[in-house]
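Residue numbers (full-length UniProt numbering): 1 to 262.
No residue lacks a Cβ here, since even glycine has one placed at the ideal position from N, Cα and C.
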Amino acid sequence: MADLPSPTSPTFEDLVAEGDAVPTEGWDFSWFEGRATEARPSWGYARGMAERMGRASAALDIQTGGGEVLDSAPRLPRLTVATEGWPPNVAKATARLHPRGAVVVACPEDAPLPFADGAFDLVTSRHPVQAHWTEIARVLRPGGTYFAQHVGPASVFELVEHFTGPLPDEVRAGREPQRERADAEAAGLEIVELRAERLRMEFYDVAAVVHFLKKVVWMVPGFTVDAYLPQLRSLHERIRSEGCFVAHSARHLFEARKPTDA
1 MADLPSPTSP TFEDLVAEGD AVPTEGWDFS WFEGRATEAR PSWGYARGMA ERMGRASAAL
61 DIQTGGGEVL DSAPRLPRLT VATEGWPPNV AKATARLHPR GAVVVACPED APLPFADGAF
121 DLVTSRHPVQ AHWTEIARVL RPGGTYFAQH VGPASVFELV EHFTGPLPDE VRAGREPQRE
181 RADAEAAGLE IVELRAERLR MEFYDVAAVV HFLKKVVWMV PGFTVDAYLP QLRSLHERIR
241 SEGCFVAHSA RHLFEARKPT DA
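Following this line, the structure appears as structure tokens:
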């Protein structure tokens with residue numbers, strides 16, 4: 001019997017083209033299975049969000065992406081609204097959430113929330129680009145809760161700085177939890193809980209890196225394969241040599257409450 005040819009490893013060009021071709025809408029990260037891993041925070045944001053949704057009467061999910069996290073809640077309040085600023089995600093979230101009775105509103109990330117004062121007793125968000133505390137406080141009812149998982153300072157900067165070079169200290173300090181606490185309190189909210197963790201990430205091929213940077217666009221603004229081909233090639237060689245590229249994400253959990261006498 002003739003020997004079967006041994007499978008060949010994908011080339012650098014094959015991997016880059018594969019990662020570049022994957023659709024980026026929504027917040028479904030299942031494509032990364034077997035290609036990248038990220039440890040999860042100990043607090044279980046989706047579980048905590050679902051518990052609070054089950055008790056709420058009117059809820060708002062800010063920057064919902066494709067609606068995947070909100071849709072994971074077994075029960076949604078009768079009045080459930082989600083905002084999203086990127087048109088492909090608006091369409092995806094609408095298709096996902098409308099059958100459950102939730103309304104999706106197209107709203108730019110930096111625009112005022114298009115809702116009345118005190119409209120919601122629960123506001124949630126997973127990885128907002130920025131928390132607009134005055135707007136969050138405004139749309140919450142007295143006694144209402146903001147429950148969210150934020151991206152912390154210098155998150156995945158081992159990867160980011162491979163492409164950008166060293167970033168200044170003020171950039172590395174952005175999203176610092178205690179600074180966000182002060183901003184939330186200045187907007188009139190009381191902090192119930194604030195927890196932070198740093199979590200290991202591993203990238204097993206350069207296709208995963210390409211897709212990650214195209215999907216999470218604020219990591220390396222303006223990222224394209226052509227613009228960063230030398231950095232991608234050196235990263236590919238490093239992964240082949242070391243088995244993976246290791247970085248660390250930063251996450252913090254926020255629970256804040258609007259005082260009942262507000």
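Per DSSP, residue 223 lies in no beta strand (DSSP E) and is assigned neither H nor E.
Judged by DSSP in its simplified three-state form, residue 149 adopts strand. In the DSSP annotation of this structure, the continuous segment of the alpha helix (DSSP H) that includes residue 13 starts and ends at 12-21.
Within the model, the alpha-carbon separation for residue 49 versus residue 69 is close to 9 Å. Using a 10 angstroms sphere on the CB of residue 98, the tally of other CB atoms stays under 16, which defines it as exposed.
In the displayed model, residue 99 falls within a helix according to three-state DSSP. By the Cβ-count criterion, residue 143 is exposed, with fewer than 16 other Cβ atoms from all chains shown falling within 10 Å of its own Cβ.
Rounded to the nearest angstrom, the gap between the Cα atoms of residue 228 and residue 186 is 41 Å. The DSSP-derived three-state label of residue 260 is coil. For residue 128, the CB contacts under 8 Å within the same chain, skipping 5 residues up- and downstream, are 62, 63, 109, 148 and 150 in chain order.
Here residue 135 carries a helix assignment [DSSP, helix/strand/coil]. Its Cα nearest to that of residue 35, the residue 244 stands out among 244, 260, 256 and 251.
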